[in-house]
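Have a look at the structure below before the remarks.
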Amino acid sequence: MAEENRAFTAASFNTYLTKEKKLVGVRCRACGTLSPEPRPMCHSCHGRDMEWYEFSGKGKLSTFTCIYIVPAHMMEKGYGRDNPYCTGIVTLEEGPRLSARIVGVDAANPKDIKTGTEVILELAEVDSESPTPTFRPT
Amino acid sequence: MSTASRKRQLGRPVSIVSAGMSRFGAFPDKDSRDLFVESFQDMLDNLDQGIDVRDIECAYVGNYSSDLFEHQGHAAPIIADWLGLTPMPVTRIENACASSGSALREGIMAIASGLYNIVLVGGMEKMTSLPTEGVTDVLATAADGLYEVPAGLTFPGIFGAIATAHMDRYDTNLDQLLKVGIKNHKNGALNPKAQFNVTIQGLMERRMARAQERGQPVPEYATEIDFLNDPGANPWVAWPLRLYDCAPITDGAACVLLVASEIAKNFSDKPIELAGTGQASGRPLHDADELTSLSATKAAAGAAYEMAGVTADDIQVAEVHDCFTIAEIIATEDLGFFAPGEGGRAVDEGRTALHGDKPINTSGGLKAKGHPVGASGVAQVAEIFHQLRGEAAGRQVNKPDLELGLTHNLGGTGGTCVVNILRRSS
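Chains as they are written, first to last, in numbering that gives the first Met the number 0: chain A, 0 to 137; chain B, 0 to 425.
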């Protein structure tokens, strides 16, 4: 994606996710550090020469929680004490981790959800109003 | 050598000569300024030799979000006014739940720099003005609003994810989490200013009595753990954390009076020296080095231990940031009190109990004393101040040579950590 010259901002990240259906972060051309978040400067070597980098969307569920006391933006979607949702941290096959919604699991039975489960990006579930990477078990 | 690893020392020694707290709890009729005044008056009452309050030269006030809780920005000059101390300079410090820990460091540095001799540092939060969901939203603004919050992560949710990882990696279990709460409530029952001045056993008996009064079936709980395993009494908040794994929503304030150590005896018979202080920042959990540890705690503690010239083993009593039960367990590991993965077992074995070898959260902690977020860092320091002076009454740690205490104040989910080490002056 070396020719891509859009600004390294959350707006660009969200456009990739919702309009172009891709999980695109950045790579530092100086040291190779990858970041799913579109940082304008490398947080490892402070390099300024960043490029867009498309992640495969494959990874593993590293940890998770199922949320019963929900924030307003999730309550609007129908979640709450009787309808919890799962969210967690996914380690991408390229190495970096990110916070993500986890679908396709039974959030009311968290004991059945296992860390280490292989997951894949689920673009159908990405919400255009508050976009967030969403994954489901493969 | 990078300047980041340089050993740091204060320009001159700083001591605490008094500490005060408001009652912690839910006070529908009181605003944060009222609570701050209450803590200030308590601090003055606790000052051995008194002070002309006009001699206070400067103040720092920790406060997380008066903006969202009370629709009040620019709260600092209001405090100066309500203490009758204008035109004294006063600055509000916001670092989420580490706001007043951070404010304390500003006060320490203001004296260490030589600019001031007498500085007031406090913290305050009025939280019960919003319903639980509203408080959840306000607390979530301490997380990364672009890359954590949209995923549906909440403040309890991120600590829930840490707990899942800790239980996965080590043999930490749900009962050990509950036992942190049982211990802290036991201490809170001995603290007259605590929001939950009651044991879990007491709460269990209340629930049974209430069922009986209403003619409902009386639940049969053999133990506190039984009670805490009843989803009716202890509902899930964010797996694997339940209601009693979470610090409550609290209104409260606390303050301490700092002075240059060379004049401390003018105010106090038993001043407490700030032997070491450290502060660090950390990244969101998804970018953390480990999912079972907070790097900011390790960095802040390392700086504080180095400044004080002590190690984790030397610390005799500590207040750690138990916003959630798992947070206490990982704090005791990250501070070096116990090896990684051993924090849960230490609770099981009673090592962190009031009369254990490493008493943790003798005040009741955030869990039972209450957690008015902007006040918690200074309230922790107030507890250690009283412990080291031997004036903690029913919850006094029973060690004849009690000299060194530590406070650990976390902001958000480890974005900020402040560690202070207090030493009884000889």
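We put the beta carbon where it would ideally sit given N, CA and C, even for glycine. Owing to the predicted nature of the structure, the values given are computational and were not obtained by experimental measurement.
Inset, instruction - List the residues of chain A that residue 131(B) touches, going by C-beta distances under 9 Å, in chain order. - result: Within chain A, the residues near residue 131(B) are 68.
Inset, instruction - Closer than 8 Å by beta-carbon distance: list the chain B residues that pair up with residue 15(A), in chain order. - result: Near residue 15(A) there are no residues of chain B at all, since even the closest Cβ is about 14 Å away, more than 8 Å.
Inset, instruction - Express the C-alpha separation of residue 33(A) and residue 286(B) in angstroms, rounding to a whole number. - result: Straight-line Cα distance between these residues: approximately 11 Å.
Inset, instruction - Express the C-alpha separation of residue 30(A) and residue 229(B) in angstroms, rounding to a whole number. - result: Their Cα atoms are separated by approximately 52 Å.
Inset, instruction - Please check if any C-beta of chain A sits within less than 7 Å of the C-beta of residue 238(B). - result: Contacts with chain A at 7 Å (Cβ-Cβ) include residue 238(B).
Inset, instruction - Could you check the C-alpha separation between residue 299(B) and residue 70(B) for me, to the nearest Å? - result: Residue 299(B) and residue 70(B): Cα-Cα distance of roughly 32 Å.
Inset, instruction - Tell me where the beta strand (DSSP E) around residue 408(B) begins and ends. - result: For residue 408(B), the enclosing beta strand (DSSP E) has its first and last residue at 403-410.
Legend entry - Classification of residue 10(B) by the beta-carbon crowding that lies within 10 angstroms, buried from 16 upward: Residue 10(B) comes out exposed.
Inset, instruction - Taking residue 83(B) as part of the beta strand (DSSP E), name the residues at either end of that continuous run. - result: No residue range can be given for residue 83(B), since it is assigned to no beta strand (DSSP E) and is classified by DSSP as neither H nor E.
Legend entry - Pairwise C-alpha distance: residue 70(A) and residue 91(B): Cα to Cα, the separation comes out at about 27 Å.
Inset, instruction - Kindly list the residues whose CB is nearer than 7 Å to the CB of residue 94(B), restricted to its own chain and excluding five residues on each side of it in sequence; keep chain order. - result: Result list for residue 94(B): 101, 410 and 415, in chain order.
Inset, instruction - Go through its chain and collect everything with a Cβ distance to residue 143(B)'s Cβ below 8 Å, but skip five positions before and after it. - result: Excluding sequence neighbours, residue 143(B) sits near 283.
Inset, instruction - Drop a sphere of 10 angstroms on the beta-carbon of residue 407(B), count the other beta-carbons inside from all chains shown, and report buried for 16 or more, exposed for fewer. - result: With a threshold of 16 other beta carbon atoms within 10 Å, residue 407(B) meets it and is buried.
Legend entry - Any 3 or more C-beta pairs closer than 8 Å across the region 54-74 of chain A and the region 132-142 of chain B: Flag = yes, the region 54-74 of chain A and the region 132-142 of chain B touch.
Inset, instruction - Quick one: list the residues of chain A neighbouring residue 285(B), beta-carbon separation under 7 Å, in chain order. - result: Neighbours of residue 285(B) on chain A, chain order: 88, 96, 97 and 98.
Inset, instruction - Return helix, strand or coil for residue 207(B), following the three-state DSSP convention. - result: Three-state result, residue 207(B): helix.
Inset, instruction - Name, going along the chain, the residues of the region 150-161 of chain B whose beta-carbon falls closer than 7 Å to a beta-carbon of chain A. - result: Those would be 150, 151, 152, 153, 155, 156, 159 and 160, in chain order.
Inset, instruction - Compare the C-beta of residue 122(A) against all C-beta atoms of chain B and say whether one is closer than 7 Å. - result: So, not an interface residue.
Inset, instruction - Please name the residue, chosen from 351(B), 394(B), 208(B) and 417(B), that lies closest to residue 277(B) on a Cα-to-Cα basis. - result: Answer by Cα proximity: 417(B).
Inset, instruction - Anything in chain B within Cβ reach of residue 64(A), meaning under 7 Å, just list it in chain order. - result: For residue 64(A), the residues of chain B that pass the 7 Å Cβ criterion are 156, 159, 160, 163, 237 and 238, in the order they occur in the chain.
Legend entry - chain A contact residues for residue 170(B), given Cβ-Cβ distances below 8 Å: Within 8 Å Cβ-Cβ: nothing; residue 170(B) doesn't reach chain A, min ~15 Å.
Inset, instruction - Check distances from the C-beta atoms of the region 110-142 of chain B to those of chain A and list, in chain order, the residues that come in under 7 Å. - result: Here the close residues are 131, 132, 135, 136 and 139.
Legend entry - Collapsed DSSP secondary structure at residue 134(A) in the structure displayed: If DSSP states are grouped into helix, strand and coil, residue 134(A) belongs with the strands.
Inset, instruction - Classify residue 184(B) as buried or exposed, calling it buried when 16 or more other Cβ atoms lie within 10 Å of its own Cβ. - result: Here residue 184(B) is buried, its C-beta having at least 16 other C-beta atoms within 10 Å.
Legend entry - Cβ pair residue 259(B), residue 116(B) closer than 7 Å: It is a contact, given that the beta carbons lie within the stated cut-off.
Inset, instruction - Measuring alpha carbon to alpha carbon, tell me which of 385(B), 412(B) and 182(B) ends up nearest residue 269(B). - result: Taking each of 385(B), 412(B) and 182(B) in turn and checking the Cα distance to residue 269(B), the smallest one comes out for 385(B).
Legend entry - Below-7 Å beta-carbon distance, residue 136(A) vs any chain B residue: Output row for residue 136(A): interface = no.
Legend entry - Classification of residue 354(B) by the beta-carbon crowding that lies within 10 angstroms, buried from 16 upward: Classification for residue 354(B): exposed.
Inset, instruction - Check the Cβ of residue 145(B) against every Cβ in chain A and list those closer than 7 Å, keeping chain order. - result: Result: 9.
Inset, instruction - Identify the continuous beta strand (DSSP E) that holds residue 20(B) and give its terminal residues. - result: 13-20 is the span of the beta strand (DSSP E), which, as asked, contains residue 20(B).
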